[in-house]
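Numbering (my numbering), first residue to last: 62 to 343. The C-beta atom is built at its ideal place from N, Cα and C for all residues, glycine as well. Written out below as structure tokens is the structure these notes cover.
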Amino acid sequence: MDPVLPGYLAILRPANALVSGLVAVLAFLIAGGVPGPVAAWLFLAVVLLTGAGNTVNDYYDAAIDAVNRPERPIPSGRVTTRAAARYAGGLFLAGCLAALPAGPMPAVIATVNAALLWGYAARLKRTPLVGHLAVAYLAASLFVFGGSAAGLDGLGRVLPLALITLLGTVARELLKAAEDVEGDRRGGARTFSVRFGVGWTVRLALVLALAGIAASVLPYAAWGFPYLALITPADLLILGGVLRAVGCTTGHCVRASRASTLLKAGMYLALLAFAAAALIAY
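Below, the structure written as structure tokens:
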């Protein structure tokens, strides 16, 4: 096997890309869409765009990853920076084209998100808090992207889920930035953690996680008590994860607490709660 191929797959972060695609399809179905070609195009577009975003992010982060993530494809030498840039460009184009059959709104969102993904990697990531908000918007927009393909009426059903995702993702991005503060400082990235310290970063992450947990009550109006029973374990996991990092003042401490990992697990559990509650209700 060509030793370069695993690098081109790894740089996409395929698990992340596939989950993102499934979230868009889930949003489409919750919004009233039916399984079929539109769902397939939504899935393909998101997988391609997410893979493109991960690739261009690694392109711009090559120097920082050499410190924080030396095993990634570019620092490890499996993919060159020039090849990564070309690869990302092709994936962005393919992802935007794949969104066209899903409808005009998904096509517009795909184009905007493609530009934002590139801008985030090139510049916004190094802007305190703005970069974290950009990532959170991109995660939340998966629900808007999928829901918009089912029409404006269906879109309203998924907006609470987008809000929950937005808040939870900002909290996790802050924790990840706290973990990587040493490498970011060496690489010149002006993240929130670099500017304001790990302690304040963790506190802000806790506030946002609590806001996300409060927002998770909103879908109760549509899905009732079964939803509350399903979402409560996810909320507790998210809260417990963030609390483990409270008191940390170094990136090593935050990493050792596994706070971002537990928060991520809680968010995946919340996705399962959304899917199960929608299935029960509809």
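Cβ neighbours of residue i in the same chain (closer than 8 Å, five flanking residues each side left out)
i, result
"R355", "Residue 355 lies beyond the residue range present for the chain, which begins at 62 and ends at 343; the question has no answer from this structure."
"A276", "P221, L224, I225, L228"
"V128", "E243, G244, R247, G248"
"P162", "P98, V99, W102"
"L194", "V231"
Distance between residue j and residue i (C-alpha atoms, nearest Å)
i, j, result
"F253", "I91", "35 Å"
"G150", "V315", "34 Å"
"V173", "S318", "36 Å"
"H313", "S137", "23 Å"
"I341", "F286", "11 Å"
"K237", "V259", "10 Å"
"A337", "R246", "42 Å"
"A168", "C157", "7 Å"
"Y281", "Y288", "6 Å"
"E132", "R187", "22 Å"
"A211", "D241", "39 Å"
"G273", "D122", "29 Å"
"V108", "S81", "7 Å"
"W261", "P134", "32 Å"
"W284", "Y120", "43 Å"
"R264", "G308", "9 Å"
"L298", "L304", "10 Å"
"M166", "L279", "25 Å"
"L332", "I125", "31 Å"
Any non-hydrogen atom of the ligand NAP within 7 Å of residue i CB
i, result
"V263", "For the ligand NAP, the structure offers nothing, since it holds no ligand at all."
Exposure of residue i, with buried meaning 16 or more beta-carbon neighbours within 10 Å
i, result
"T310", "exposed"
"R147", "exposed"
"A270", "buried"
"V117", "buried"
"A306", "buried"
"A73", "Here residue 73 is Leu; the residue named in the question, Ala, does not match the sequence. Label assigned to L73: buried."
"G301", "exposed"
"G59", "Nothing in the structure corresponds to residue 59, since the chain is present only between 62 and 343."
"L235", "buried"
Close-in-space but distant-in-sequence residues of the same chain around residue i (CB under 7 Å, 5 per side omitted)
i, result
"V86", "A100, L103, F104, G207"
"G189", "Checking the sequence, you will find Pro at residue 189 rather than Gly. Taken in chain order, the residues that qualify are R251, T252, F253, R256."
Own chain, CB closer than 6 Å to residue i, minus 5 neighbours either side, in chain order
i, result
"G215", "A92, G93, G208"
"A88", "F204, G207, G208, V219"
"A334", "L291, I292, A295"
"A106", "G156, A159, A160, A171"
"A197", "L227, T230, V231"
"L185", "V191, G192, A195"
Contact between the segment 181-194 and the segment 136-148: three or more CB pairs below 8 Å?
As far as the Cβ criterion goes, the segment 181-194 does not touch the segment 136-148, which means the pair count is below three.
Counting pairs of Cβ atoms below 8 Å between the segment 284-293 and the segment 198-206, do you hit three or more?
No: fewer than three Cβ pairs fall under 8 Å.
Are there three or more Cβ pairs, one per stretch, closer than 8 Å when the segment 77-84 is compared with the segment 106-118?
Verdict: yes, contact present.
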